[in-house]
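*Asks:* Mind looking over this structure? Questions follow.
There are 2 protein chains.
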Amino acid sequence: MSKEDVCQIKIINKKKVDKVKKQMKKETTYQEMAETFKATSDKTRLKILYALSKEELCVCDLSAIVDMSISLVSHQLRILRDKKLVKYRKEGKSVYYSLDDDYVVQLIKMAYDHVTE
Amino acid sequence: MSKEDVCQIKIINKKKVDKVKKQMKKETTYQEMAETFKATSDKTRLKILYALSKEELCVCDLSAIVDMSISLVSHQLRILRDKKLVKYRKEGKSVYYSLDDDYVVQLIKMAYDHVTE
DNA sequence: ATATTATTTGAACATTTATTCAAATGTTCA
DNA sequence: TGAACATTTGAATAAATGTTCAAATAATAT
Chain A
153 MSKEDVCQIK IINKKKVDKV KKQMKKETTY QEMAETFKAT SDKTRLKILY ALSKEELCVC
213 DLSAIVDMSI SLVSHQLRIL RDKKLVKYRK EGKSVYYSLD DDYVVQLIKM AYDHVTE
Chain B
153 MSKEDVCQIK IINKKKVDKV KKQMKKETTY QEMAETFKAT SDKTRLKILY ALSKEELCVC
213 DLSAIVDMSI SLVSHQLRIL RDKKLVKYRK EGKSVYYSLD DDYVVQLIKM AYDHVTE
């Protein structure tokens with residue numbers, strides 16, 4: 153059985169489908185957008201980002217604020233770093249994190265407004 | 153060993169910590185925000201949402217546009233319905249979906265702008 | 001050097017998630 | 001009624017994710 157035989161695609165309104173298909177972005181765009189959203193789709197990371205929107209903070213202070221282990225906070229910060237949502241600077245033994253981009257603040261504000269109606 | 157003994161929380165800048173702690177939202181707020189973001193943190197769902205931002209579409213047309221099985225699209229639509237991001241109306245044998253809230257359009261636009269710089 | 005503190009890392013685990021398949025609804029039309 | 005179509009659902013699986021623990025770095029102070 154060839155691949156074509158198992159294709160189940162049936163189109164009801166071909167005109168609409170073609171029109172929308174033309175407007176779709178390229179595959180990687182959705183992938184990248186999804187990854188950005190993934191970074192903000194965790195409770196702990198949101199707390200971290202929200203705290204950082206108020207103050208530059210070191211890992212152990214962040215840990216006290218969000219009430220989670222230092223290890224966990226560090227792991228989550230790595231994810232946020234990888235996605236370029238936070239930046240950091242070292243000062244003595246401490247590492248101070250802050251938001252890398254105002255975009256996050258806006259995003260969080262939008263979600264907050266939506267959630268609180 | 154009591155719970156206090158294993159507590160590892162050490163605070164470096166108590167003033168900052170207290171100030172930020174006071175500004176933190178309540179636990180459920182982050183949870184709800186995370187859930188909203190989770191809905192938009194998947195490539196397939198983003199494609200669906202983007203397509204729906206252009207046109208009201210039935211499941212099989214959506215399936216053709218995003219090039220995924222009808223079953224998968226239906227599963228993802230359920231998630232989007234549960235999160236109140238899409239609404240639907242029945243017409244004959246078909247079910248037509250559309251965006252429930254302009255908020256999604258804004259959110260996607262923001263992420264798109266961020267991704268494309 | 002050793003000890004102490006702050007952070008990062010890696011492995012392990014449990015949980016969640018996306019996807020597929022097959023079967024079950026629900027709707028229209030002969 | 002039954003056949004055909006559009007969609008939903010549930011179970012099963014594989015992959016991704018959040019969290020914990022213990023060990024490894026890295027920086028400072030004794």
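Protein chains in written order, with my numbering: chain A, 153 to 269; chain B, 153 to 269. Heads up, the beta-carbon is just placed ideally off N, CA and C, and yes, glycines get one too.
Who are cysteine 210(B)'s beta bridge partners in DSSP?
*Replies:* DSSP output for cysteine 210(B) lists Tyr248(B) as bridge partner(s).
*Asks:* Tell me glutamate 243(A)'s beta-bridge partners as DSSP assigns them.
*Replies:* Paired residues: Ser246(A).
*Asks:* Leaving out the 5 sequence neighbours to the left and right, which residues in its chain are closer than 8 Å to valine 211(B) when beta-carbon positions are compared?
*Replies:* If we look at valine 211(B) and ignore the five residues flanking it on each side, its Cβ neighbours are Ile222, Val225, Ser226, Leu229, Ser246, Val247, Tyr249.
*Asks:* With a 10 Å radius around its C-beta and 16 neighbouring C-beta atoms as the bar for buried, classify glutamate 184(B) as buried or exposed.
*Replies:* Counting Cβ neighbours within 10 Å, glutamate 184(B) comes out buried, since at least 16 surround it.
*Asks:* Using a Cβ cut-off of 8 Å, pull out every chain A residue sitting near glutamate 217(B), in sequence order please.
*Replies:* Glutamate is not the amino acid found at residue 217(B); the sequence shown has isoleucine there. The contacting residues are Val169, Val172, Lys173, Met176.
*Asks:* Got a sec? Which residues, its chain only, sit under 7 Å from valine 169(B) by beta carbon, not counting five neighbours each side?
*Replies:* So the qualifying residues of the chain are Ile163.
*Asks:* With 8 Å as the threshold, decide whether the Cβ of histidine 266(B) is near any Cβ in chain A.
*Replies:* Yes, histidine 266(B) lies at the interface with chain A (some Cβ there is under 8 Å from its Cβ).
*Asks:* Which residues in the same chain as lysine 235(B) place their Cβ atom closer than 6 Å to its Cβ, once the five residues preceding and following it in sequence are excluded?
*Replies:* So the qualifying residues of the chain are Ala191.
*Asks:* Only counting the same chain, and skipping five residues up and downstream in sequence, which positions put a Cβ closer than 8 Å to that of alanine 203(A)?
*Replies:* If we look at alanine 203(A) and ignore the five residues flanking it on each side, its Cβ neighbours are Leu209, Leu214, Ile217, Val218.
*Asks:* Measure the C-alpha to C-alpha separation of valine 200(B) and glycine 244(B) and round it to an integer number of angstroms.
*Replies:* Rather than valine, the amino acid found at residue 200(B) in this sequence is isoleucine. If I take the Cα positions, the gap works out to 22 Å.
*Asks:* For the region 224-236 of chain B, which residues have a beta carbon sitting closer than 7 Å to at least one beta carbon of chain A?
*Replies:* Against chain A - using a Cβ distance shorter than 7 Å - the region 224-236 of chain B contributes no residues.
*Asks:* Would you mind reading off the limits of the alpha helix (DSSP H) that contains lysine 166(B)?
*Replies:* Counting along the chain, the alpha helix (DSSP H) containing lysine 166(B) begins and ends at 166-175.
*Asks:* Less than 8 Å between CB atoms is the rule here; does glutamate 269(A) satisfy it with respect to chain B?
*Replies:* So, not an interface residue.
*Asks:* Can you name, in chain order, every residue of its own chain whose Cβ lies under 7 Å from the Cβ of valine 238(B), other than the five neighbours on each side?
*Replies:* Leu204, Leu229, Leu232, Tyr249, Ser250, Leu251, Asp252.
*Asks:* Return the CA-CA distance between leucine 198(A) and tyrosine 255(A), expressed in angstroms with no decimal places.
*Replies:* Distance between the alpha carbons of leucine 198(A) and tyrosine 255(A): 14 Å.
*Asks:* Using a cut-off of 7 Å between C-beta atoms, extract the partners of serine 193(A) located in chain B.
*Replies:* Ordered by position in chain B, the residues that pass the 7 Å Cβ test against serine 193(A) are Ala186, Phe189, Lys190, Ser193.
*Asks:* Which word fits aspartate 265(B), buried or exposed, when buried means at least 16 other C-beta atoms lie within 10 angstroms of its C-beta?
*Replies:* So aspartate 265(B) counts as exposed.
*Asks:* Below 8 Å on the Cβ atoms is my contact criterion, and I expect tyrosine 240(A) with lysine 195(B) to pass it. Report the Cβ-Cβ distance as a whole number of Å.
*Replies:* Contact doesn't hold; Cβ gap of about 29 Å is too wide.
*Asks:* Which residues bound the alpha helix (DSSP H) around isoleucine 229(A)?
*Replies:* Sequence check: residue 229(A) is leucine here, not isoleucine. Residues 222-234.
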